[in-house]
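Here the sequence shown is numbered in UniProt numbering, starting from 1 and rising by one per residue. Have a look at the structure below before the remarks.
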Amino acid sequence: MISEAAARDHLLSKSEKISERSSTNIIFAKPYIEHSGRNLEGKEMKNNEFSVQQAANGDVEVMVTEVEYIESEKLDDLKDFDMSLKMLIPGLESKDWVLICEALNNVRRLSIYHKEALEDIMDTVISLLVKSLKNPRSAVCKTGIMTCADVFKAFGDKIIDFLDPLFVQLVLKSSQDKRFVCDAAEKALVALTTWVSPVLLLPKLQPYLKNRNPRIRAKASMCFSRSVRGLGVDEIKSYGIDKLIQIAAAQLSDQLPESREAARALLLELQTAYEKSQVLAPEHDTPSEEPSIHSWEQFCESKLSKLSAQAVIRVTIVAHESLVAGS
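Here it is in structure tokens:
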């Protein structure tokens with residue numbers, strides 16, 4: 001078993017600096033720096049175990065490790081594949097946040113350059129990735145979120161069986177007050193709906209649309225709407241346009257505006273698909289020479305309650321008028 005110290009020495013020997021910074025401006029109620037402080041004996045100290053005044057007086061010697069968030073396209077391949085893979089799990093399990101961040105970045109590298117190496121240990125990696133998303137230290141949390149985005153892109157539909165715990169944490173992080181963490185989580189959710197097939201993803205997302213937490217419902221609605229846009233007309237018909245319209249109608253009355261906006265976008269997508277699909281009206285007892293085609297309004301009235309149908313029709317008419325006025 002490789003010791004944590006050895007793993008740390010190996011991973012920190014890279015030229016990459018780790019520095020906590022973000023492309024967005026962040027304002028905290030109190031000054032906050034992610035760092036790893038060590039005293040003269042080399043014993044690690046937490047943030048609250050020393051003060052700036054102590055450091056200024058020379059009572060302690062403080063090393064501050066900065067954390068850099070590396071974009072996926074700037075991540076180089078592993079220099080020592082075998083050693084990095086061997087140290088991956090110990091790094092993710094470490095209590096040292098700097099080592100965890102390095103291990104997470106190595107998960108990202110493996111996803112990009114050697115994804116087959118992760119397949120046999122995916123259960124363990126995902127479990128520890130979820131743990132990193134729950135970590136109170138924002139550097140670990142954001143690096144974990146960035147790892148999710150790379151994993152979604154690399155594994156696509158293969159990630160579906162591991163999705164639930166990751167999705168819940170990403171949704172919660174995308175709703176929190178730290179802007180740079182929130183933005184990273186939003187990007188990861190976009191990656192999820194981009195790289196995972198809608199046919200597999202939509203059934204996974206559907207239960208979250210009824211979650212008791214309104215923020216989870218809102219983010220799930222946004223993901224659901226975005227994922228439906230990845231379906232073609234035939235796939236929408238196969239999935240069930242009547243089922244989708246009922247889902248969208250229910251979200252129109254949600255308490256959060258994000259849910260309502262996602263529902264409106266979904267309804268416009270469904271209206272377009274419906275009008276392209278030429279759905280026929282139900283057959284009557286008296287056959288006619290030519291079967292009639294239901295209008296969008298008739299379809300809504302046949303599948304929804306009167307009040308829900310009115311709301312859906314009103315939303316799509318207003319949106320259509322806005323498009324005409326803007327053209």
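Heads up, the beta-carbon is just placed ideally off N, CA and C, and yes, glycines get one too.
Inter-residue Cα distance where the pair is residue i and residue j
i, j, result
"Glu71", "Leu163", "23 Å"
"Leu118", "Trp195", "18 Å"
"Arg314", "Leu205", "26 Å"
"Ile89", "Ser221", "34 Å"
"Val125", "Phe155", "13 Å"
"Glu275", "Met146", "39 Å"
"Ile121", "Phe180", "30 Å"
"Leu270", "Lys178", "35 Å"
"Gly240", "Phe152", "26 Å"
"Thr143", "Asp82", "22 Å"
"Ala250", "Cys300", "13 Å"
"Ser308", "Gln255", "16 Å"
"Glu235", "Leu200", "12 Å"
"Leu128", "Arg217", "25 Å"
"Pro165", "Asn211", "14 Å"
"Lys46", "Ser175", "Here the model assigns Lys46 a pLDDT of 40, short of 50, so the residue's position is not dependable and the matter cannot be decided."
"residue 328", "Tyr208", "In the structure as shown, the chain begins at 1 and stops at 327. Residue 328 is therefore absent and cannot be evaluated."
"Glu258", "Lys79", "44 Å"
"Leu244", "Gly232", "14 Å"
"Asp242", "Val318", "21 Å"
"Leu12", "Glu68", "Reliability fails at Leu12, whose pLDDT of 45 lies under 50, so the model's placement of it is uncertain and the value that follows must be treated cautiously. Leu12 and Glu68: Cα-Cα distance of roughly 13 Å."
"Lys237", "Val171", "29 Å"
"Val107", "Leu99", "12 Å"
"Ile160", "Asp123", "12 Å"
"Gly230", "Thr272", "13 Å"
"Ser94", "Ala184", "23 Å"
"Ser84", "Leu92", "12 Å"
"Asn57", "Arg137", "Residue placement at Asn57 cannot be trusted, given a pLDDT of 47 that sits under 50; what the coordinates show is reported in the next sentence. Rounded to whole angstroms, Asn57 to Arg137 spans 27 Å at the Cα level."
"Gln310", "Cys182", "36 Å"
"Leu133", "Gln246", "33 Å"
"Asp96", "Ala103", "11 Å"
"Ser51", "Cys101", "Because Ser51 carries a pLDDT of 38, less than 50, the predicted location of this residue cannot be relied on, and the following value inherits that uncertainty. If I take the Cα positions, the gap works out to 25 Å."
"Val130", "Val312", "38 Å"
"Asp157", "Lys187", "18 Å"
"Ala139", "Cys148", "14 Å"
"Leu75", "Ser111", "11 Å"
"Ala248", "Gln169", "24 Å"
"Trp296", "Thr316", "10 Å"
"Asn135", "Lys86", "23 Å"
Local conformation of residue i per DSSP, three classes
i, result
"Ser227", "helix"
"Leu280", "Caution is warranted here: a pLDDT of 48 is assigned to Leu280, below 50, making its placement in the model unreliable, and the coordinate value is therefore given only provisionally. Strand, per DSSP."
"Glu261", "helix"
"Leu163", "helix"
"Leu270", "helix"
"Ser302", "helix"
"Leu75", "coil"
"Val315", "helix"
"Ser295", "coil"
"Asp157", "helix"
"Glu275", "helix"
"Ala309", "helix"
Whole-number beta carbon distance between residue j and residue i, since they are thought to touch under 8 Å
i, j, result
"Leu252", "Ala265", "So it is not a contact: roughly 11 Å between Cβ atoms."
"Ser227", "Pro203", "Incorrect: roughly 11 Å between the Cβ atoms, too far for contact."
"Cys141", "Leu192", "17 Å between Cβ atoms; not a contact."
"Tyr113", "Asp77", "5 Å"
"His294", "Ser305", "No, His294 and Ser305 are not in contact; Cβ-Cβ is about 17 Å, not under 8 Å."
"Leu189", "Lys219", "7 Å"
Short CB-CB distance (under 8 Å) between residue i and chain B
i, result
"Ile241", "Note that chain B does not occur in the displayed structure, where there is just one protein chain."
Report task. List in chain order: all unbroken alpha helix (DSSP H) runs of 4+ residues lying wholly within the stretch 83 to 117. Result -> 97 to 113
Query - Minimum length 4: unbroken alpha helix (DSSP H) runs contained in the stretch 169 to 256 - result: 179 to 195, 198 to 205, 214 to 228, 233 to 239 and 241 to 251
**Report entry** 4 or more residues per run - each alpha helix (DSSP H) lying fully within the stretch 118 to 153
**Finding:** 122 to 133
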